[in-house]
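Just so you know, the sequences run in chain order A, B, C, D and E.
Reading the first sequence from the start, the letters are residues 1 to 205 in my numbering.
Reading the second sequence from the start, the letters are residues 206 to 410 in my numbering.
Reading the third sequence from the start, the letters are residues 411 to 633 in my numbering.
Reading the fourth sequence from the start, the letters are residues 634 to 856 in my numbering.
Reading the fifth sequence from the start, the letters are residues 857 to 1086 in my numbering.
C-beta atoms are modelled at their ideal positions from N, C-alpha and C, and glycine is treated no differently.
Below is one structure, written out as structure tokens, with a few remarks after it.
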Amino acid sequence: MIEVDILKNIKTYNGHHPLRIKTTFATNKITQIFGPSGIGKTTLLKILAGLVQPEQGFIRVNNEVWLHTQKQINWLPQQRKVGFVFQDYALFPHLTVEQHLLYGTPDKEYVARLLAIGQMQAFHQHKPKQLSGGQQQRLAILRALAIKPQILLMDEPFSALDYTLKKSLLTDLKPLLIELQTTCLVVTHYPLETEGWAELSFTLE
Amino acid sequence: MIEVDILKNIKTYNGHHPLRIKTTFATNKITQIFGPSGIGKTTLLKILAGLVQPEQGFIRVNNEVWLHTQKQINWLPQQRKVGFVFQDYALFPHLTVEQHLLYGTPDKEYVARLLAIGQMQAFHQHKPKQLSGGQQQRLAILRALAIKPQILLMDEPFSALDYTLKKSLLTDLKPLLIELQTTCLVVTHYPLETEGWAELSFTLE
Amino acid sequence: MDWTPILLSLKLSFITTLILLFIGLPVAYWLSGSHSILKIILEAIITMPLVLPPSVLGFYLLLTFSPQNALGKWLQDTFALQLVFSFKGLVLASVIYSLPFMISPVKSAFDHLPKSMTEASYTMGKSRTETFFLILLPNIKASILTAAVLTFAHTLGEFGVVLMIGGNIPGITKVASIAIYDSVESMDYANANYYSLLLFTITFVIVVTVFVLNRKSAKSPLE
Amino acid sequence: MDWTPILLSLKLSFITTLILLFIGLPVAYWLSGSHSILKIILEAIITMPLVLPPSVLGFYLLLTFSPQNALGKWLQDTFALQLVFSFKGLVLASVIYSLPFMISPVKSAFDHLPKSMTEASYTMGKSRTETFFLILLPNIKASILTAAVLTFAHTLGEFGVVLMIGGNIPGITKVASIAIYDSVESMDYANANYYSLLLFTITFVIVVTVFVLNRKSAKSPLE
Amino acid sequence: QPLRVAVAANAQFVIKPLQKDFQKKTKLQIEIITGSSGKLTAQIKNGAPYDVFLSADMEYPTNLFKAGFGLSAPKVYALGSLIVCSTSEVAIQNWQQLLLSPSITKIALANPELAPYGRATQEAMRQYGLWDKVHPKLIFGESIAQVNTYITTGAVKLGFTSEALIYENSTKHKFKWARIDPKAYSTIEQGMVVLSHAKKGNYSKAMQFYHYLSSPAAKQILRQNGYRVL
Ligand SMILES: Nc1ncnc2c1ncn2[C@@H]1O[C@H](COP(=O)(O)OP(=O)(O)OP(=O)(O)O)[C@@H](O)[C@H]1O
Ligand SMILES: Nc1ncnc2c1ncn2[C@@H]1O[C@H](COP(=O)(O)OP(=O)(O)OP(=O)(O)O)[C@@H](O)[C@H]1O
Ligand code: MOO
Ligand SMILES: [Mg+2]
Ligand SMILES: [Mg+2]
């Protein structure tokens, strides 16, 4: 189980407004996260990954306390080993598709498997700027999986994919996530797209 | 009427493969464009805007020939005055939301109207990196409208917006497009999202 | 204590930096992007003045612009412009000498900018020039500032070239660097220390102020 | 025609550039990002050696490292290290003098990199060091190359400092810039021209080669 | 416009009392520009606005005069005196043995290719058969001024320089020094020449200064500052 209880001040035009999230997520399950634009979904994922620091907070993943601001506990992003699919991809401009994946794992077989899942074999030598929007997004997903993460945090990961591609990707991802025993949190605006795939839902408001 | 007849060589892993598009788009209408990821939708829009040069091609917008490779006619992007919503937004990091719009028009009233349509009034002083994904996408749409374009080219413009927001945005956009007599081509993966809004469809394959 | 050399140095550095901003930014922009062999060779040529010891560069400039020489004579006869042993000549020499420090880092900065930023501006009907000034320059402000500070400091300390074509004339070409050197040479170390310290302090204050102002403007009003 | 000074110059420039890459890149990285006043002041201090005329900087180095002086004596007694009139001393002086040309442009380049690139690397379990070498450095390769080329050229032409603390010893501290200067001073202009041309040509070839190689690697195999 | 006098580095000290005395006598202002003789010559040939040139030797002024840059034939205004000098406690009188001693690791002299005093040093050392033996210890200064810097900062323990150094700086530094026998090197004839730039208005002033330098008063000052005069 992932326990989250955080308070983050978000700076806005007219002062600060607090983002308070207190909830739990089931492990080894796929949870979809909803919420209007600008509510703080990306911020939540980044706090979980250790990329953004909340003013106050507590995060426990199974028996490990990742964050406890009062006790000054704060794991580094590196220690948390979460896979992160960035909303704006954040790809490495100088690396080819294949090198992106090899950056996360030395396992060539696994890399080949990921390329197949994303239907990216034909582009394994391309650099990000030579990829279409949808290809870039698939690479972002595959890269997050390269480290075989304990938790996979996905920020709008399917928004640039067409229906057929998305269906086949979802179908191929599921057994992989089960095999890796990965807990998956996926932010989405289209409940339909992950329906039947995600097992749980959480709405931020 | 917009007449398009172009040939663009797309470089891929195993040599070049040609992208051939010959079609017409109705003016003063909204046309949605479908097609699988990587087929060349973004490339088509960029060719229309004059940002990518096809090997061979002809583009006529009403009575103006924008591109005629054989006759060496090739209008600059500046002359074409198309509004472009980039798939990756391509915002200006140093400008605030309001400054983005003022960069396209000196008309402050019109800017206020655009901010209202995008529900971005509260963020008019924010710079791009202070905006959430959905806020950035809305800014990209509003910026494209700032120049009151004859043609509006939108590349996946709603992918990061939640349902409610998208609905209200679509509702507000329609009368504006009619008022400006803007022809609108919108690339989308979700036929549902623009259903009833777009009047025509075109599929690339 | 004579303030003239220090003021002269500051004036020379200031004018040189200003001119290099005018010349350097467009040239850097023009050199960026396309990697044609021609542009690479041009970029290499710009770097070449650095390779010569300043005093030797100064010597060649002296030969080139000497009124004894065709070019120098022509400039003198046609425009009454004498570039050796005059302040104008120092400016020209400093500009040539510091050119690469302005152009090269700024060119790299342009290279690092995403192409889509320019494209977005073009689709908004903005010309190359407008895009250059309103979009591209503001986004590489940090690099420009760095280049300007290096140019300024480098011109202040510039010595060999100035010594050669300036001729050490008080009030005209006797800049601070020469004055300090003279003090050292005539073993008036107290004076040398005094000048050095003064030049240090003034420059330090200028540089820190520029950096701090830049830091302020980089932050948004919201943070 | 004596090749020793030219080889010595190339050696000095090469070693200086190498050392500055080792020191400069981490320091530039450390200075980038956060804009604390402390770091701004440090950055300004790094720029300061530029402000002094090279020969005066050389004079202060001479004072500091003179065997008559505490530090110079200590270095000599403890490490048998003599920094005046030795090649090691020239290296040290060149490193100090060229420091800002390496650090400042590279720091700006780091500043321009998007934060998310680093974040993505961290979430993949990579340390700061791994991220620095595998992600950040390759993405500012153009700026590093530019800085290295400027440093190299600048050290080749470096003259005042070398003149002061080198002592013009053939084979040890008599580098090309000094040899050329000597020729000019003794009015052996033919020799000066010959040396200059040689230095020019060699450097030109090196710089163009580096730029062209970089251009190749910047292009993907697909283009 | 004041009279501009370009002065070789070795004479930078003596020129100050000369300047003062001349101004007192004639009420004429002088501007002094110092540099190595070679550099000043190159500058004069390329349009430097100097009226009079005081070189460290006769070669440069003769060269200038022949090339048409001089108005008067070059004339010797002083003879230089070469000394060996130190700021350390050394037995300077036995300087020939001292040069060979292992305690002396560096010896400074002006570059023989550039500076007359360097040439004289080389000749003297050859004369005493020392040149080849001490060659690895030699440090070459660009001009006599740089050698003086090496000596006074203690960067070298021993240096060969012009006697003028001693009189200017005796209050600031404790010098140990010894005059080199003038027979051991060819005479350092320091020449002066009035330059053609003086035609642009300073001719009479320049000639006044030119004559002043040969006057008994000037000779007295030169003598007091370590030069010999004819
Ligand atoms: N610079 C480039 N070099 C090589 N190939 C490129 C380059 N830019 C685009 N491509 C290729 O061109 C093809 C068409 O790209 P385009 O971006 O037009 O696709 P798209 O239809 O917009 O896809 P998506 O829906 O994923 O955004 C893709 O297969 C892409 O890999
Ligand atoms: N650097 C910043 N400075 C100021 N405000 C910021 C900054 N970063 C984010 N915000 C604000 O924080 C709020 C939450 O942002 P967040 O990115 O978490 O939203 P989100 O739920 O992911 O939205 P979206 O669905 O549009 O991506 C937004 O209102 C945004 O404007
Ligand atoms: O006075 Mo000189 O010309 O430096 O020896
Ligand atoms: Mg978000
Ligand atoms: Mg696309």
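In chain A, which residues lie less than 8 Å from residue i when you measure between Cβ atoms?
i: Thr-369(B); result: Pro-36
Does the distance between the C-beta of residue i and the nearest non-hydrogen atom of ligand 1 fall short of 7 Å?
i: Gln-330(B); result: no
i: Gln-292(B); result: yes
i: Gln-150(A); result: no
i: Lys-167(A); result: no
i: Ile-215(B); result: yes
Nearer than 7 Å: is that true of the beta carbon of residue i relative to any heavy atom of ligand 2?
i: Lys-41(A); result: yes
i: Lys-334(B); result: yes
i: Ser-37(A); result: yes
Would you mind telling me which residues of chain A sit closer than 7 Å to residue i, beta carbon to beta carbon, in chain order?
i: Thr-247(B); result: Ser-132, Gly-133
To the nearest angstrom, how far is it from the Cα of residue i to the Cα of residue j?
i: Gly-891(E); j: Ala-1040(E); result: 27 Å
i: Thr-649(D); j: Ile-805(D); result: 15 Å
i: Leu-102(A); j: Ile-416(C); result: 58 Å
i: Met-512(C); j: Asn-549(C); result: 16 Å
i: Lys-148(A); j: Met-1(A); result: 19 Å
i: Leu-671(D); j: Ser-959(E); result: 46 Å
i: Ile-211(B); j: Thr-247(B); result: 14 Å
i: Leu-370(B); j: His-522(C); result: 35 Å
i: Gly-482(C); j: Pro-747(D); result: 50 Å
i: Tyr-1059(E); j: Gly-924(E); result: 16 Å
i: Gly-104(A); j: Leu-653(D); result: 31 Å
i: Gly-758(D); j: Phe-621(C); result: 34 Å
i: Pro-510(C); j: Trp-987(E); result: 45 Å
i: Gly-894(E); j: Arg-860(E); result: 18 Å
i: Ser-1018(E); j: Ile-1044(E); result: 10 Å
i: Cys-184(A); j: Val-684(D); result: 57 Å
i: Pro-106(A); j: Lys-421(C); result: 59 Å
i: Ala-90(A); j: Glu-752(D); result: 8 Å
i: Leu-51(A); j: Tyr-755(D); result: 9 Å
i: Thr-1005(E); j: Met-597(C); result: 7 Å
i: Lys-8(A); j: Glu-55(A); result: 5 Å
Quick one: grab the DSSP three-state call for residue i.
i: Pro-854(D); result: Per-residue confidence for Pro-854(D) stands at a pLDDT of 42, beneath the threshold of 50, marking its modelled position as unreliable; the derived number appears in the next sentence. If DSSP states are grouped into helix, strand and coil, Pro-854(D) belongs with coil.
i: Asp-877(E); result: helix
i: Trp-271(B); result: strand
i: Met-750(D); result: helix
i: Thr-943(E); result: coil
i: Val-870(E); result: coil
i: His-445(C); result: coil
i: Asp-194(B); result: Nothing can be reported for residue 194(B), as the shown portion of chain B is limited to 206 through 410.
So which residues on chain E does residue i lean against when the C-beta distance must stay under 9 Å?
i: Ile-813(D); result: By Cβ distance, chain E contributes nothing, its closest Cβ being about 13 Å from Ile-813(D), past 9 Å.
i: Val-494(C); result: Gln-899, Asn-902, Gly-903, Ala-904
Check whether the Cβ of residue i sits closer than 7 Å to any heavy atom of ligand 7, and report yes or no.
i: Ser-201(A); result: Inclusion of ligand 7 in the displayed structure is not the case, the ligand content consisting of ligand 1, ligand 2, ligand 3, ligand 4 and ligand 5 alone.
Using a threshold of 7 Å, is the CB atom of residue i nearer than that to any non-hydrogen atom of ligand 5?
i: Ser-526(C); result: no
i: Ser-159(A); result: no
Quick check: does the Cβ of residue i come within less than 7 Å of any heavy atom belonging to ligand 4?
i: Asp-155(A); result: yes
i: Gly-338(B); result: yes
Which bits of chain E does residue i rub up against, with CB to CB less than 8 Å?
i: Leu-593(C); result: Looking at the sequence itself, residue 593(C) is Ser, so the reference to Leu does not match. Simply none; closest approach about 11 Å.
i: Met-750(D); result: Near Met-750(D) there are no residues of chain E at all, since even the closest Cβ is about 50 Å away, more than 8 Å.
Which residues in chain D have a C-beta closer than 7 Å to the C-beta of residue i? List them in chain order.
i: Glu-453(C); result: Phe-844
Can you pull the chain B residues whose beta carbon is under 7 Å from the beta carbon of residue i, in chain order?
i: Ser-159(A); result: Ser-364, Ala-365
Please list, in chain order, the chain C residues whose beta carbon lies closer than 9 Å to that of residue i.
i: Phe-681(D); result: Checking the displayed sequence, the identity of residue 681(D) turns out to be Met instead of Phe. Here the neighbours are Ala-563, Phe-610, Thr-613, Phe-614, Val-617.
At a CB-CB cut-off below 8 Å, which residues of chain B make contact with residue i?
i: Leu-435(C); result: Here the premise fails: no neighbours, minimum Cβ distance about 16 Å.
Check: Where in the region 984-1029 of chain E do unbroken runs of the alpha helix (DSSP H), each at least 4 residues long, occur, reported from the N-terminal end onward?
Finding: 987-990, 1000-1008, 1020-1025
Next item on the list: Please specify which runs of the alpha helix (DSSP H), each continuous and at least 4 residues long, are wholly inside the region 494-524 of chain C, giving them in chain order.
Entry: 497-522
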